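Heads up: the structure comes next, in structure tokens.
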Amino acid sequence: MSTTTWVALTLMALAILTMPVYAVIARRRAVDADVARRPTTIILGTWVRDWLMWTIGPVERKFVEWKLSPDLFNYIGGAFGLFAGIAYAKSELALGGWLILIGGLADIFDGRIARARGIGSNYGEFLDSMLDRFAEMFAFLGIALYFEPTWWAMSATVLASGGSMMVSYARAKGEAVGVDCRGGIMQRAERLVTLAVASLIDTPITTALGWIPGVILLSAVTLIGLGSLGTAVYRTIYICKALRKMEVEAAAKVAASASV
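If you count the sequence shown from 1, position 10 lands on 481 in the working numbering, and the numbers rise without skipping.
Structural data, given as structure tokens:
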């Protein structure tokens, strides 16, 4: 295994070792406010999300103390998405997974720092959303290039990329017409974690078992594609029902006013 793979696996092991400590501490602390207000899924439940917030808490507080700009982390997230894409295109799967994780952490920090400093803005939200999309696009483009010799694997990557964009678009369009919909099994955090973990474990497992390199990553990409498509369909149905209900209620109010 390469040095990158060993380092990535070591850091993953160290992170996992903090879980028993958190399990004891969690009994005496309330769930993080950001975690409590966000929907959870089978992939990322409340316990795991809250553990992550507890783990990065000391670093986050230092960033707030240093008054670092949330925009800095937006740009870091976008840049690491680009670097991850390059790593995937060069068949450096573990490095790509590591870069995905760092970019994901940067995405967490930008919003939390903005809220902690009371400097959240529409500009910041828009920049964050757009750079997140660019980061995902770059990563999936690199994966598509990695799978380029195999048309069906490349097709699965295109499905994952398109499905991911549709999930984000459904939420953005829903909010634009007055419906907030954040549900679904394959949201952005779930996509990043699934992709990163698969990238980190692919090389050591496929090497040890004699499997075809990239098969674990391909399985994850396929799961992301199907899960994202399902999430996009779910959000479409949810938002359409909510809009129809709003229209019926509005029409009823107009009819009631006209009859007075």
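Idealized CB from N, CA, C, for every residue including glycine.
Note that the structure is predicted; figures quoted are calculated from it, not measured.
Coarse secondary structure for residue i, derived from DSSP in three states
i, result
"methionine 717", "helix"
"glycine 655", "coil"
"leucine 539", "coil"
"valine 725", "helix"
"arginine 414", "Given that the chain is displayed from residue 472 to residue 731, the structure contains no residue 414 and the question cannot be resolved."
"glutamate 563", "coil"
"isoleucine 708", "helix"
"aspartate 503", "coil"
"isoleucine 683", "coil"
"glycine 589", "coil"
"isoleucine 514", "coil"
"valine 650", "coil"
Residue interval of the alpha helix (DSSP H) (run including residue i)
i, result
"alanine 660", "659-680"
"proline 529", "517-536"
"aspartate 599", "593-617"
"alanine 627", "622-647"
Residue i versus residue j: straight-line alpha-carbon distance, rounded
i, j, result
"glutamate 531", "threonine 628", "33 Å"
"asparagine 545", "threonine 621", "34 Å"
"arginine 706", "glycine 589", "30 Å"
"glutamate 619", "glycine 633", "17 Å"
"alanine 484", "serine 690", "23 Å"
"glycine 556", "lysine 724", "52 Å"
"threonine 517", "methionine 608", "28 Å"
"leucine 666", "serine 626", "16 Å"
"methionine 717", "arginine 642", "17 Å"
"leucine 671", "alanine 722", "54 Å"
"leucine 714", "methionine 637", "19 Å"
"leucine 570", "aspartate 505", "24 Å"
"valine 519", "cysteine 711", "32 Å"
Reference residue i; option with closest CA among the options
i, options, result
"tryptophan 522", "Gly575, Val638, Ala721 and Val495", "Val495"
"valine 664", "Val638, Val648 and Leu515", "Leu515"
"alanine 610", "Gly552, Tyr640 and Tyr617", "Gly552"
"threonine 512", "Ala722, Ser699, Ala729 and Lys716", "Ser699"
"alanine 587", "Val535, Val692 and Arg509", "Val535"
"methionine 657", "Thr702, Met636, Leu680 and Val692", "Thr702"
"tryptophan 525", "Asp542, Ala497 and Phe597", "Ala497"
"alanine 615", "Ile487, Tyr559 and Ala727", "Tyr559"
"methionine 482", "Val719, Lys538 and Gly568", "Just to set this straight, residue 482 is leucine in the shown sequence, not methionine. The residue with the shortest Cα to Cα distance from leucine 482 is Gly568."
"isoleucine 695", "Val719, Glu661 and Arg715", "Glu661"
"leucine 572", "Arg583, Ala679 and Ala486", "Ala486"
"tyrosine 617", "Ser540, Tyr709, Asp578 and Ser562", "Ser562"
"alanine 606", "Ala565, Gly574 and Gly582", "Gly574"
"asparagine 593", "Ile527, Ser635, Pro541 and Val704", "Pro541"
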